[in-house]
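Here's the structure we're looking at; comments come further down.
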Amino acid sequence: MNEIYQQIVAIGYGIWQRRTYALITAWVVSAIGWFLVAQIPNKYEASARIYVDTETMLNNLMRGIAVNTDMMQQLSMVRQTLISRPNMEKVVRMTDLDLNAKNENELEAIIVDVQKRIGLAVSGANLFKLSYEDPDPQLSKKVVQSLLTLFVEANIGASRKDLTGTRRFLDEQLRKHEQELTASERRKAEFQQKNLGMLPGDSNYFQKLQDSRQQLVVATADLEDAKVRRNEMKRQLANVPPYITAASNAGGPPIGGTVSDLPQRIAAKQRRLDELRERGYKEQHPDVIIMKETIAELQKEFAKEQTMIVEQMEKGEGGPIPGGSAVAPNPIYEQLKIRLIDMETLIAGLQGRVDQHRRTVEQLEGMAQRVPEVEAELARLNRDYETIKANYEKLLQRRESARLAQELESKTDGVQIRVIDPPQVPKLPSSPNRLLFLSGVLIVGLGAGIGVAFLMSQLHTTYATVQRLRENFVFPVLGSISAIMTEEEQRLHRRNLMAFGIGIIGLFGPTEGCC
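Everything in the sequence shown is counted per this note's numbering, starting at 139 for the first residue and increasing by one.
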């Protein structure tokens with residue numbers, strides 16, 4: 139730490155010993171800098187504050203439907219309107235700047251230069267500051283005034299044009315939204331018609347599926363019942379002979395005086411059994427079981443009777459049976475066979491019904507997997523429809539508002555631009571910032587002076603402390619002796635210090651004068 143302190147003291151002593159060189163250098167550098175700063179021409183800025191209604195009728199009517207632009211976008215829009223090519227050409231001619239141009243290239247350069255120097259900044263809600271900077275204060279004021287004149291003139295009648303354009307825009311948007319609304323309604327109707335029965339809240343699909351399953355169960359039960367009855371008929375048919383033999387006396391009355399009434403009884407019982415089945419009695423019903431057992435007993439008895447007749451015929455050794463005999467088709471057999479055929483037909487029809495109901499159930503169960511997809515798609519269609527419908531209704535309201543606003547505009551003045559502060563001829567220059575430049579020149583000059591003094595101290599080394607002597611020489615250093623100046627030397631030293639102080643104070647003179 140002591141070593142660093144010694145170095146600082148040594149450097150400071152070296153610079154102080156050569157302070158005259160530092161002061162001369164600072165004055166030379168500062169004088170050159172001040173001269174250059176003095177050569178920078180003054181520029182005068184004329185400005186005006188204007189109120190611009192960027193919230194045009196179109197923006198007001200489209201609020202809530204279209205996305206509004208922010209202030210920076212509005213500023214860019216106003217700036218582009220102000221510095222448009224036609225406006226710049228008019229400004230150049232109104233301010234006689236075109237007289238300085240000898241050809242088209244020079245005129246183009248003037249227009250570009252004017253465009254670059256026009257400033258536009260936001261100073262509040264819908265408040266803008268319009269400015270122009272030029273070495274000629276009168277020209278600055280003329281340019282700003284010309285811009286204001288052009289902008290205000292361009293706004294005359296713009297409100298009505300804006301309303302007309304707004305209504306035209308709203309009409310176009312209404313037609314577009316109406317087409318979209320019609321298309322959305324058509325898509326929704328087609329989708330509902332295509333997926334009828336599977337829509338949310340529609341119980342037709344589930345009711346149809348339940349009914350189809352119930353019909354399949356009923357048809358399957360009827361088929362099984364018919365098959366049981368068919369098998370019973372086959373069993374009965376197997377026990378009934380196809381032919382019966384009746385005995386008679388040469389065309390007289392039958393042997394025994396009567397003909398057996400078993401076929402009539404069997405037929406009656408069979409009709410009774412059919413009636414029970416038609417009334418809905420199942421095969422396990424007690425009445426049906428008793429009737430079937432009765433029919434079986436009668437059939438056995440009839441078969442036994444026929445067997446006895448056949449045996450009697452065989453005992454006649456091939457001759458005619460006494461009293462005569464005849465062989466005829468068994469009516470019971472024929473009835474059973476016809477009924478069996480009818481039953482086979484019924485079973486075939488029932489099988490077709492079962493297959494049809496089964497296919498219907500499988501089809502409906504397969505459609506059940508699409509129900510969530512149908513619900514999601516319908517929700518999307520409804521959402522799109524409601525969005526388009528809401529925008530369409532808003533546009534209808536906005537068009538009516540535009541119509542009313544246009545009627546009001548035709549009776550009043552719709553000014554969208556108002557000059558708050560008109561441009562004035564500037565008295566003081568706006569640039570350059572001479573205080574800043576002069577201060578910078580002073581700092582550079584002082585730095586240059588200190589740098590020169592430091593450089594000279596390094597080239598011509600002096601020793602400010604005993605410690606530095608001991609470090610740089612091998613000879614022993616016994617100590618140091620303070621300098622004793624005469625009165626003349628003291629007066630000279632004071633004059634030098636006073637001159638140095640005046641020189642330093644003089645460096646700050648230009649900056650103080652600028653303030």
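From the three backbone atoms N, C-alpha and C, an ideal C-beta is built for every residue, glycine too.
Length of the line joining the Cα atoms of residue i and residue j
| i | j | result |
| --- | --- | --- |
| Ala176 | Tyr182 | 16 Å |
| Gly585 | Arg633 | 24 Å |
| Leu502 | Leu347 | 6 Å |
| Gly390 | Thr358 | Note on Gly390: pLDDT 39, under 50, position unreliable in the model; the coordinate value appears next. When rounded, the distance between both Cα atoms is 55 Å. |
| Glu500 | Ala514 | 23 Å |
| Gln145 | Phe611 | 17 Å |
| Leu237 | Asn243 | 13 Å |
| Glu609 | His598 | 17 Å |
| Gly583 | Ala160 | 9 Å |
| Val563 | Ser569 | 15 Å |
| Val167 | Leu265 | 46 Å |
| Ile459 | Met371 | With a pLDDT of only 42 at Ile459, under the threshold of 50, the placement of this residue in the model should not be trusted; the figure read from the coordinates follows. Going by the C-alpha atoms only, they are around 34 Å apart. |
| Ile526 | Gln535 | 14 Å |
| Glu627 | Pro567 | 51 Å |
| Val604 | Ser618 | 7 Å |
| Leu488 | Asn369 | 16 Å |
| Thr163 | Lys228 | 53 Å |
| Ile188 | Glu291 | 14 Å |
| Leu277 | Ala259 | 20 Å |
| Gln111 | Arg351 | The question about residue 111 has no answer, for the chain in this structure spans 139 to 653. |
| Ile470 | Gly418 | 24 Å |
| Glu271 | Asn140 | 58 Å |
| Arg556 | Gln283 | 13 Å |
| Gln533 | Lys326 | The sequence shown places Leu at residue 533, rather than the Gln named in the question. Using only the alpha carbons, I get a separation of about 22 Å. |
Best match in the options for proximity to residue i [C-alpha to C-alpha]
| i | options | result |
| --- | --- | --- |
| Arg324 | Leu519, Leu607, Tyr189 and Phe638 | Leu519 |
| Arg255 | Thr302, Val378 and Ile221 | Ile221 |
| Asn468 | Pro648, Gln402, Leu484 and Gln422 | Gln402 |
| Pro273 | Gln331, Lys267, Val252 and Ile428 | Val252 |
| Leu616 | Thr624, Arg606, Glu625 and Met623 | Arg606 |
| Met226 | Ala621, Glu246, Ser214 and Glu625 | Glu246 |
| Thr600 | Ile149, Glu538, Arg496 and Glu141 | Ile149 |
| Ser214 | Ile170, Met232, Val190 and Phe173 | Val190 |
| Gly262 | Ile142, Ile558, Arg417 and Ala405 | Ile558 |
| Ile640 | Asn140, Glu141, Ile142 and Thr158 | Thr158 |
| Gln330 | Glu141, Val378, Leu516 and Leu573 | Leu516 |
| Ile178 | Ile142, Val366, Phe575 and Glu431 | Phe575 |
| Val378 | Leu414, Glu524, Lys438 and Glu362 | Lys438 |
| Glu421 | Glu328, Ile170, Arg367 and Arg410 | Arg367 |
| Gln218 | Glu328, Lys240, Glu482 and Leu285 | Leu285 |
| Thr498 | Asp349, Ala405, Lys442 and Ala327 | Asp349 |
| Ala406 | Met429, Val281, Ile476 and Pro224 | Met429 |
| Val356 | Arg313, Ala441, Lys326 and His495 | His495 |
| Pro561 | Ser269, Val230 and Arg373 | Ser269 |
| Gln155 | Ile643, Val590 and Ile622 | Val590 |
| Val492 | Glu310, Lys240, Asp360 and Asp234 | Asp360 |
Classification of residue i by the beta-carbon crowding that lies within 10 angstroms, buried from 16 upward
| i | result |
| --- | --- |
| Val579 | buried |
| Lys279 | buried |
| Ala376 | exposed |
| Thr624 | exposed |
| Pro614 | exposed |
| Gln317 | exposed |
| Trp172 | buried |
| Tyr381 | exposed |
| Ser620 | exposed |
| Pro275 | buried |
| Gln345 | exposed |
| Thr233 | buried |
For residue j and residue i, believed in contact at Cβ under 8 Å, the rounded distance
| i | j | result |
| --- | --- | --- |
| Phe592 | Gly152 | 7 Å |
| Leu484 | Ala364 | 5 Å |
| Gln408 | Ile433 | 6 Å |
| Leu400 | Leu354 | The pair is not a contact, with the Cβ atoms about 43 Å apart (cut-off 8 Å). |
| Ser185 | Lys267 | 6 Å |
| Ala540 | Thr304 | 5 Å |
The ligand SAM heavy atom lying under 7 Å from the CB of residue i
| i | result |
| --- | --- |
| Ile640 | Among the components of this structure there are no ligands whatsoever, and the ligand SAM is therefore not found. |
Could you tell me which whole beta strand (DSSP E) segments of length 3 or greater appear in the region 577 to 622? For the region 577 to 622, there is no continuous beta strand (DSSP E) assignment of 3+ residues that stays within its boundaries.
Within the region 202 to 288, ranges of the beta strand (DSSP E) (whole runs, at least 3 residues): For secondary structure counted as the beta strand (DSSP E) over 3 or more consecutive residues, the region 202 to 288 holds these complete runs in sequence order: 256 to 262 and 265 to 272.
Pick out the complete alpha helix (DSSP H) segments inside the region 155 to 192, 4 residues or longer, and give them in chain order. Taking only runs of at least 4 residues, the alpha helix (DSSP H) segments lying wholly in the region 155 to 192 are 157 to 177.
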